[in-house]
Amino acid sequence: MRTRVKICGITRIEDAKAAVDAGADALGFVFYSKSPRAVSIADAAPIIAQLPPFVTSVALFVDAEPEFIRKVVDETQVDLLQFHGNESADECGDYSRPYIKALRMRPDLDLNQEMLAYASARGVLLDAYTPGIPGGTGEKFDWSRIPAHLAAGITLAGGLDSSNVAAAVDQVRPYAIDVSGGVEQSKGIKDAEKLKQFIAEVHRVNNS
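Note that our numbering has the sequence shown beginning at 3, numbered continuously upward.
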């Protein structure tokens, strides 16, 4: 199975184009005002409108108001939703778009149980757990906690960059890899060379 690549925290059209040129399968747009990578509807909509076919656009939310989520969907025509807060499966599935649910790998997390609870999701994203922070910390977690039989539905995130992503793909064999800070020159600003190196490392393992 080929591991896909999602580049999250896109804020500029030039970064979106660089990610697509490097081979990204999906681009993430953060609609969470507390994030240093937050983007407005007005800024995200024209970027999403210029994406080529077969590149998935993803809108990220953290316990957002339903009216705001619907506004983002209506005005950007984003393809997929990603929820990082305490949203229930019913809440996540209420917006005429498929969704993925982010789970932070708390020490007591029962991954099998959580994936059953979000059975309506297209998949789950696993990120490192830091109390009080919903994601994007740049920390990695123990990948051995991911059971092999669940890997095909997992998007792996947390502390990834070109120096460790090949090992992550080789060990976990996830459906997808998600990266933000590991391909940046500064928060919210991507680095074209880091994008190329990161995606090339994923492709190298895929092709081995």
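Built from N, CA and C at the ideal position, the CB exists for glycine as well.
### Query
Between residue 88 and the rest of its own chain, which residues show a CB-CB distance below 7 Å, the 5 nearest in sequence each way excluded?
65
### Message
Can you tell me where the beta strand (DSSP E) holding residue 91 begins and where it ends?
### Response
That residue, residue 91, is in no beta strand (DSSP E); its alpha helix (DSSP H) goes 91 to 94.
### Task
Classify residue 33 as helix, strand or coil using the three-state DSSP reduction.
coil
### Query
Quick one: what does DSSP say residue 56 is sitting in, helix, strand or coil?
coil
### Task
Report the option in 74, 69, 70, 68 whose CA atom is closest to the CA atom of residue 59.
74
### Task
Report the three-state DSSP secondary structure of residue 129 (helix, strand or coil).
strand
### Query
Short check: CB of residue 171 to CB of residue 204, under 8 Å?
yes
### Query
In angstroms, rounded to a whole number, what distance separates the CA positions of residue 68 and residue 50?
21 Å
### Task
Grab the span of the beta strand (DSSP E) containing residue 71 for me, first residue to last.
First-last for residue 71: 68 to 78, but that is the alpha helix (DSSP H), not the beta strand (DSSP E).
### Message
Tell me the rounded alpha-carbon separation between residue 104 and residue 86.
### Response
5 Å
### Where the alpha helix (DSSP H) through residue 197 begins and ends
194 to 208
### Message
In this structure, how does DSSP classify residue 106 when only helix, strand and coil are distinguished?
### Response
strand
### Task
Return helix, strand or coil for residue 186, following the three-state DSSP convention.
strand
### Query
Beta-carbon separation of residue 22 and residue 54 under 8 Å?
yes
### Query
Could you give the distance in angstroms between the alpha-carbon of residue 130 and the alpha-carbon of residue 194?
25 Å
### Per-residue burial, residue 192 [other beta carbons within 10 Å of its own, 16 or more giving buried]
buried
#### Entry: Contacts around residue 198, its chain only, beta-carbon distance under 6 Å, and the 5 residues preceding and following it disregarded
24
### Task
Give every residue of the same chain whose Cβ lies closer than 7 Å to the Cβ of residue 1, excluding the five residues on either side of it in the sequence, and list them in chain order.
Residue 1 is absent from the model: the chain starts at 3 and stops at 210.
### Task
With DSSP collapsed to three states, give me the class of residue 65.
coil
### Message
Whole angstroms are fine: how far does the CA of residue 114 sit from the CA of residue 175?
### Response
17 Å
### Message
Between 46, 3, 13, 6, which has its C-alpha nearest residue 189's C-alpha?
### Response
13
### Query
If you check the beta carbons only, do residue 142 and residue 155 fall under 8 Å apart?
no
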